[in-house]
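Below you'll find the structure, written out as structure tokens, and then a few comments.
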Amino acid sequence: MNEPPGGCCPVVALLVKAEDPGEPILKDIAERLGEQLRTVARFGKTITYNDLAALVDLDMDDPLDATELAGGIRAVSLSEHGFGRPLLSTLVVGLKTRRPGKGFFRLAQQLGRHDGFDDGTFFAHELRRVHEHWHSSSRAGVCSESENRRCGSE
7 MNEPPGGCCP VVALLVKAED PGEPILKDIA ERLGEQLRTV ARFGKTITYN DLAALVDLDM
67 DDPLDATELA GGIRAVSLSE HGFGRPLLST LVVGLKTRRP GKGFFRLAQQ LGRHDGFDDG
127 TFFAHELRRV HEHWHSSSRA GVCSESENRR CGSE
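Position in the sequence shown counted from 1, then plus 6, gives you this note's numbering.
Below you can see the structure in the form of structure tokens.
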């Protein structure tokens, strides 16, 4: 399988692009992002901000689209936290840094998941938790976010 531009991960080619961009924006974006991120997690991968944006028909060169992506990723994180699951947004990384942006770490601190002292250690731990959770959930039969169930929560 060919790697996408940016060399993120081969799983991107398996993900489905959004069909109906006319749906309510933030909820729609958050749901679509959550679906994409669960797929990335099941494959044990990460994905760049640009590649994730492209999968939900957003352009990171457009400031409004970039803001929409950030809001959608935050909504996914808040939802996952509410269900007691690891933060799926851990999977979204910068092309050069291969780590999430500062907003991810700030939100993790606000949610009481990160003490703020060692971002690298927290990232590695949370990434492992996300991959383990969604890999084991996929074997058990994953529910969708819209079903509003715990879906193999810890």
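Positions of the beta carbon are idealized from the N, C-alpha and C atoms, including for glycine.
- Per DSSP, P92 lies in no alpha helix (DSSP H) segment and is marked neither H nor E.
- At a Cβ-Cβ threshold of 8 Å, V46 and T54 do not count as neighbours.
- In the displayed model, T52 falls within coil according to three-state DSSP, outside both helix and strand.
- By the Cβ neighbour-count rule, F129 is buried, with 16 or more other Cβ atoms within 10 Å of its own.
- For V99, the three-state secondary structure derived from DSSP is strand.
- Counting along the chain, the unbroken alpha helix (DSSP H) around R112 starts and ends at 108–116.
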